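The block underneath contains the structure these notes are about, expressed in structure tokens.
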Amino acid sequence: MQIGAVVSVAAISVGLAFGAQAPASAQAAYGSYVGIGPSFGLTRGADREHKISAVIAGRYKFLTAPVSVRAQALVGSNVAIVPTVSYDIPLNWQTDAYIGAGVSIPIGGDTPVGNQTSFAIQPGIDYALPNSNVVVFGNAIISFDAYKRGGAAASLQGGVGLRF
């Protein structure tokens, strides 16, 4: 009888341990990364030209919340820094869509995101290549009141990053 009681207690313990687990939720299978790619200005600057730059992008993913801190440096004839905080929406195990809010800070003149500091939103998507540390990213930056003469600026960025 003692062996039967021990087996029963063990079976109940195992059942409680597995039954008490929280259900799985969809989270992307990757986190933070740093990457590089091109940036294309969709609006014309003060010199009436569309700006093209390189983008250096970084993302720090908070593992317990659907929030990330992102920063992009658009480097061309002038530089712009765009830090944002984003709300991340996992679409599947490899893909996150997100919307971020922050500020665009041009340094030195016309950039793909304007020529003066302004509020910016940043919608985008990140895709982690399966079985690797590679992330493909793409986003837009819309800067409001981005030009000294008035008006908004918009740019598209894309690239490849490495997870850390």
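For the sequence shown, the residue numbers in mature numbering (1 follows the signal peptide of the UniProt record, and there is no 0) are -22 to -1, 1 to 142. By construction, the Cβ of each residue, glycine as well, lies at the ideal position given by its N, Cα and C atoms. On a predicted model such as this, the values are computed, not experimentally measured, just so you know.
| message | Quick test of the definition: if touching needs 3 or more C-beta pairs under 8 Å, does the stretch 64 to 78 touch the stretch 126 to 135? | response | Short answer: they don't touch.
- Please name the residue in 100, 106, 93, 107 whose C-alpha comes closest to that of residue 56. Relative to the Cα of residue 56, the nearest Cα in the group 100, 106, 93, 107 belongs to 93.
- [ ] Reducing DSSP to helix, strand and coil, say where residue 127 ends up.
- [x] DSSP places residue 127 in coil when its eight states are reduced to three.
Out of 42, 26, 82, which one is the CA nearest neighbour of residue 53? For residue 53, the nearest C-alpha among the options comes from 82.
message: If distances are taken between C-alpha atoms only, which option among 87, 133, 106, 16 comes closest to residue 10?
response: Checking every option, the nearest Cα to that of residue 10 belongs to 106.
Identify which residue in 17, 108, 91 has its Cα closest to the Cα of residue 73. Cα-wise, what sits closest to residue 73 is 108.
(message) Using only the alpha-carbon positions, how far apart do residue 118 and residue 133 sit?
(response) Distance between the alpha carbons of residue 118 and residue 133 is about 6 Å.
CA-CA distance, residue 137 and residue 35?
-> For residue 137 and residue 35, the distance between alpha carbons rounds to 8 Å.
Whole angstroms is fine: what's the gap from residue 99's alpha carbon to residue 31's?
-> Roughly 19 Å separates the two Cα atoms.
- Task: State the Cα-Cα distance for the pair residue 49 and residue 103, rounded to the nearest angstrom.
- Result: Between residue 49 and residue 103, the C-alpha separation is close to 14 Å.
Tell me the rounded alpha-carbon separation between residue 95 and residue 112. Looking at the two C-alpha atoms, the distance is approximately 32 Å.
### Task
Less than 8 Å between the CB atoms is what I'm expecting for residue 19 and residue 28, so what's the real figure, rounded?
That pair is a contact at about 5 Å.
- Which listed residue (141, 123, 41, 22) has its alpha carbon closest to that of residue 115: Measuring C-alpha to C-alpha distances from residue 115 to each of 141, 123, 41, 22 identifies 141 as the nearest.
Which residues in the same chain have their Cβ closer than 6 Å to the Cβ of residue 76, if we skip the five residues on either side of it in sequence? Same-chain partners within the cutoff: 64, 66, 102.
Simplified DSSP state of residue 91, which is helix, strand or coil:
Reduced to three states, the DSSP call for residue 91 is coil.
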